[in-house]
Amino acid sequence: MNGWTGNILRVNLTAKTYKKETFSEEFARTWIGGRGFAVKILYDELQPGIDPLGPENKLIVALGPIAGIPAPNTGKAVVAAKSPLTGFYGDGNLGTRVSEQLRKAGYDAMIVEGKAEGPTMLYIEDDKVEFLPAGEVWGKGTYATNDWIYAKYGKGVGVLNIGQGGENMVRYAVVRSLEGRSGGRPGMGAVMGSKLLKALVVKGTRPIPQADPQAMKALGFGDLKTVGQIDKETGWSIQGTDAILAWCNEVAGLPVRNFRKTRHADAWKIDGERVNAARVATYGCPNCTMRCGITIHDREGRESELDYENVGLLGSNLEIFDLDQVGSLNYLCDEYGIDTMSAGCALSFYADAIDHGATKGDFKFGDAERAKELLGLAARREGKLGNLLADGSLRMAREFGHGSEAYAMQVKGLDVAAYNCKFIPGQALAFGVAAIGAHHREAWIITFELKNTTRDSYGPEKAAKVIELQRIRGGMFEFLVACRFPWIELGWPLDNYPKYFNAATGLNWTLEDMWKVADRIYALIKLHYLREFPQASRKDDYPPAVWFDKSNVDTEGPIAGKCLDLGKYDRLLQHYYDQRGYDERGIPTKELLNKLGLSKEAAAAEKCAKLSERTSQPQAAR
Amino acid sequence: MKITVKLIGPLIYEAGFSEKAITLPGSVTAGALVARIKIDKKRPTIITRNGASVELSDILEDGDRVVISHIYSGG
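If you're matching them up, the sequences are chains A and B in order.
The opening position of the first sequence corresponds to residue 1 in our numbering, with each subsequent residue numbered one higher.
The opening position of the second sequence corresponds to residue 1001 in our numbering, with each subsequent residue numbered one higher.
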């Protein structure tokens, strides 16, 4: 089976056992890898209703057929499990040498089951798996843990690890790798922590199976150069994603004060120009020639790697406009191994809840020093407040009451990325229907909305754009397992990806073939959701209520007096469902599931909730 | 008339400024304004005026704030 090793490594931490399992060619072609493998394995192996932080949850590390091969931006891995933050399927990807090393060790994925007796590090080298004590670094942050691992094995190994956030099961703890990479926003680090798995180290020595290694080599090295050259010519990585902050501020899309405002006069103090000027070093993932990781010195003099989401949610959204202080908050999140976005949203929600009388406390917007303390309390789950913050904005809102859920900035429990959609309907939809909650990696259509249509349109063209990008970004890039940046940021042609896939597998696929797999994955994630939440409704696909709140509109600037319209949003959502073939709850119909080859999975879902046979017609009347 | 021009991302380094006020004789289009700035005209950009997207043929008005940006895709 060219392109795949054909093997999955299954490790049981309770029994300290492991085995190499094979998978069929049909499984490979149906699910391809990465997110596809993870969705299918977890759907088949997890019972609905299990405790995501219990030993019955499973952690998946999954790669795809081009992962780890020297070609543009293939140094990524998907981590997935039932999410302790959202209560259903959750995943994320991160740059890591695990991508290459696990494939070289002879596996396309691994499944981690059970719970270790004590803090453990898994060491995998080809066919060997060791269960090693990790008590020495339990309680330590991700940087110290990484150094400890490098001291033992050298820098060439693949590493996934967690910090105190994961150990203490902060619901938005991430998995970390290299010096600055994080993945698995919906608490994949907490799942590792619940299993007492501090780290996973991989070393492989075998060749990665490819149908045409010569063609792949020729393509890969040439394209690595090409992508690097485009980056140089366009100057994209001078500011990387940090450039977006200034633009969002200009078009009233910046999160400020828990998303209550969309712009701020001091935003320039933390924008891409300032980040670039303060640059200490530049980092990137393996196999990347457009490195986007810019580090600066934080207030305490440590190197902190900033991208836009970090600065937006730990900076402007908290009204903290000192770049070195934003750097400090970001450093702490990385050291504790907690998601910068959800951590930022938990803090901004807390400050907002105090402002609005939903709770009492001493944290105010703009207070960087107190924000640092609060991150520590959350990571250590210290006291009542630390525990509340560690559970994320939605659970805090349910505890506080007083209508505060309206301004907990999340969808399905996952906090919104750093784009304020108070009056950006299509992107609000993109957050509403993102597979795992309000993640930005699946569809981002703000430029399209402003440039190719009108901002106040709720038309079907916006739903179509969201689906198009979900197929590409949330689908293809997540199952091939590669970074989307060469395409989305530099315009490197999309049809390069089937070329790589075909050189790896010997198949002759087109982009259209990729979309079918993407649609299958999206449908199965919806079934995961339905099994966990049988009362699922279209309201679960609504963005935060505060974006519809007429008393919360901007008083000046490009969107003065405007906010989202609930009735129109609901019709936009229906356009999305109609184009997807989902029913009025936003669940795929049996007709669609059969078409996608998911009739067995549909039958399994029907043990929990009824599926619609087909969409009601005619849709045009809506 | 006076227009404020703000550049985003790599355009700053290409044009040699981040933000400046430009005085123009009479009415001009967004395209005419862009032509005065030293950036690669083949580069895909999004141009906004006071926060809303404009076409190159749109006429600018005194006091407008024009932002020219590389097309970003949300990371």
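Glycine included, each C-beta is placed from N, C-alpha and C at the ideal position.
Note that this is a predicted model, so its numbers are computed, not measured.
Asked, Found
"Start and end residues, alpha helix (DSSP H) containing Tyr150 (chain A)", "142-153"
"Ile1008 (chain B) to Lys269 (chain A) span [Cα, whole Å]", "14 Å"
"Buried versus exposed, by CB contacts within 10 Å (16 or more), Gly337 (chain A)", "buried"
"C-alpha distance - Arg571 (chain A) paired with Asp565 (chain A), whole-angstrom precision", "10 Å"
"Check whether Ile488 (chain A) and Gly253 (chain A) have beta carbons under 9 Å apart", "no"
"Test: Arg622 (chain A) CB closer than 9 Å to a CB of chain B", "Annotation note: pLDDT 37 at Arg622 (chain A) (below 50); position unreliable, coordinate value reported separately. Not an interface residue."
"Which residues DSSP lists as bridging Ala410 (chain A), in chain order", "According to the sequence displayed, residue 410 (chain A) carries Gln and not Ala. In the DSSP output, where bridge partners are listed per residue, Gln410 (chain A) has A:Asp415."
"Neighbour flag for Asp339 (chain A) against chain B, beta carbons, 9 Å", "no"
"Thr5 (chain A) to Met476 (chain A) span [Cα, whole Å]", "19 Å"
"The segment 572-582 of chain A touching the segment 544-560 of chain A, judged by at least three CB pairs closer than 8 Å", "no"
"Per DSSP, cross-strand counterpart(s) of Ile296 (chain A)", "A:Arg279, A:Ser304"
"One or two residues paired with Met121 (chain A) in a DSSP bridge", "A:Leu132, A:Ala199"
"Cβ-Cβ distance between Asn258 (chain A) and Asn317 (chain A) below 9 Å", "yes"
"Residues sharing a beta bridge with Tyr582 (chain A), DSSP", "A:Pro588"
"Closer than 9 Å to chain B by CB, Asp415 (chain A)", "no"
"Spatial distance of Ser612 (chain A) from Ile1046 (chain B) (CA atoms)", "43 Å"
"Residues that DSSP places opposite Thr96 (chain A) in a beta bridge", "Paired residues: none, contrary to the question."
"Strand pairing of Ser1069 (chain B), partner residues [DSSP]", "B:Ile1008, B:Ile1046"
"DSSP three-state assignment for Ala560 (chain A), whether helix, strand or coil", "coil"
"Beta carbon of Arg614 (chain A) nearer than 9 Å to that of Glu591 (chain A)", "yes"
"Beta-carbon proximity check, Asp298 (chain A) vs Ser328 (chain A), cutoff 9 Å", "yes"
"Spatially closest choice to Leu490 (chain A) from A:Thr241, A:Val157, A:Ala109, by CA coordinates", "A:Thr241"
"Thr145 (chain A) vs Asn168 (chain A) beta-carbon contact at 9 Å", "no"
"Below-9 Å beta-carbon distance, Gly491 (chain A) vs any chain B residue", "yes"
"Cβ of Thr447 (chain A) within 9 Å of any chain D Cβ", "The displayed structure is made up of protein chains A and B, and chain D is not among them."
"Opening and closing residue of the alpha helix (DSSP H) in which Arg370 (chain A) lies", "368-380"
"Exposed unless 16 or more other CB atoms sit within 10 angstroms - verdict on Asp1062 (chain B)", "exposed"
"Integer Cβ distance of Met165 (chain A) from Ala173 (chain A), believed to fall under 8 Å", "The sequence shown places Gly at residue 165 (chain A), not Met. Rounded, the Cβ-Cβ distance is 4 Å, consistent with contact."
"Gly586 (chain A) and Asp541 (chain A) closer than 9 Å at C-beta", "yes"
"Partner residues on chain B for Lys451 (chain A), Cβ-Cβ distance less than 7 Å", "Ile1046, Ser1053"
"Contact with chain B by His440 (chain A), beta-carbon distance below 9 Å", "yes"
"Environment of Ser101 (chain A) [buried if 16+ CB atoms lie within 10 Å]", "For the record, residue 101 (chain A) in the displayed sequence is Gln; it is not Ser. Result: buried."
"Coarse secondary structure for Asn594 (chain A), derived from DSSP in three states", "helix"
"Sequence-distant residues of its chain with Cβ nearer than 8 Å to Glu442 (chain A) (five each side left out)", "Ala430, Ala434, Ala435, Leu469, Gln470, Arg473, Gly474"
"Other residues of its chain near Met1 (chain A): CB distance less than 7 Å, five sequence neighbours each side excluded", "Glu25, Ala28"
"Residues near Lys465 (chain A) by beta carbon distance below 6 Å, same chain, minus five either side", "Ile445, Phe448"
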